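Under this note's numbering, the letters of the sequence shown match residues 47 to 177, in that order.
Below: the structure, in structure tokens.
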Amino acid sequence: MTSLPPLEKGFATPCILPITLSKLTDISIPMDRLKFHEFETIIRKIDANLKVLRVKAQSQDITFLNAHRWEKLILEYLPQLEDFYLRYVENFNREYHYPGGPDQFISSSWIKRQWTFEVEIDDESINYFVR
């Protein structure tokens, strides 16, 4: 398993050149400052045979909870993906409302792969999981 260090704020995605990592099958990516569209650009530029993808995002971009964007990205660029783990942490705010519908993560693609969407709420944060 490979773990990448958190990317710095102001990371310029347009400068990423395509790279082939044919032996890379398992990756864990902590993203505290990266926006979802920047993450998409990175995935599109990496030619890898990822079987396992772990992503942790910290309340920077709610787009990380957009099931349709994930589904499109996985189907187009990660079709061989077997295990997908997403954790999105939102700092607790009593006025915060989840922007998606409850059925976003129940399309045939999610069901076929047996990936589920879960929410855990504690005193400090709301944790969204896909696993």
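C-beta atoms are modelled at their ideal positions from N, C-alpha and C, and glycine is treated no differently.
Every value quoted in this text rests on a predicted model; they were computed, and no experiment measured them.
Delimiting residues of the beta strand (DSSP E) encompassing residue i
i: Glu-170; result: First-last for Glu-170: undefined, no H or E at that position.
i: Ile-108; result: Segment: none, Ile-108 is in no beta strand (DSSP E) and carries neither H nor E.
C-alpha distance - residue i paired with residue j, whole-angstrom precision
i: Leu-119; j: Glu-170; result: 31 Å
i: Lys-102; j: Glu-117; result: 17 Å
i: Arg-177; j: Gln-160; result: 8 Å
i: Leu-121; j: Asn-95; result: 13 Å
i: Asp-107; j: Glu-84; result: 11 Å
i: Phe-163; j: Ile-73; result: 20 Å
i: Leu-124; j: Ile-88; result: 12 Å
Buried versus exposed, by CB contacts within 10 Å (16 or more), residue i
i: Phe-12; result: Outside the shown range of the chain, which is 47 to 177, sits residue 12, and nothing can be said about it.
i: Glu-166; result: exposed
i: Leu-67; result: exposed
i: Ile-157; result: exposed
The alpha helix (DSSP H) enclosing residue i, as first and last residue numbers
i: Glu-128; result: Per DSSP, Glu-128 belongs to no alpha helix (DSSP H) and is neither H nor E.
i: Lys-81; result: Unbroken run through Lys-81: none, as it is neither H nor E.
i: Arg-177; result: Note, Arg-177: premise wrong, no alpha helix (DSSP H); not H, not E.
i: Lys-102; result: Element bounds for Lys-102: not the alpha helix (DSSP H) but the beta strand (DSSP E), 98-104.
i: Ile-62; result: Taken as a continuous stretch (DSSP letters only), Ile-62 belongs to no alpha helix (DSSP H), as it is neither H nor E.
i: Ile-152; result: No alpha helix (DSSP H) contains Ile-152, which DSSP labels as neither H nor E.
Beta-carbon proximity list for residue i, same chain, < 6 Å, skipping 5 on both sides
i: Lys-91; result: Ile-62, Pro-64
Any chain C beta carbon closer than 8 Å to residue i
i: Asn-137; result: In the displayed structure, chain C is absent; only one protein chain is listed.
Residues of its chain near residue i, where Cβ-Cβ distance is below 7 Å and the 5 sequence neighbours each way are ignored
i: Ser-105; result: Val-135, Glu-136, Asn-137
Whole-number beta carbon distance between residue j and residue i, since they are thought to touch under 8 Å
i: Arg-115; j: Phe-151; result: In fact, because the Cβ distance is near 12 Å, the residues do not count as touching under 8 Å.
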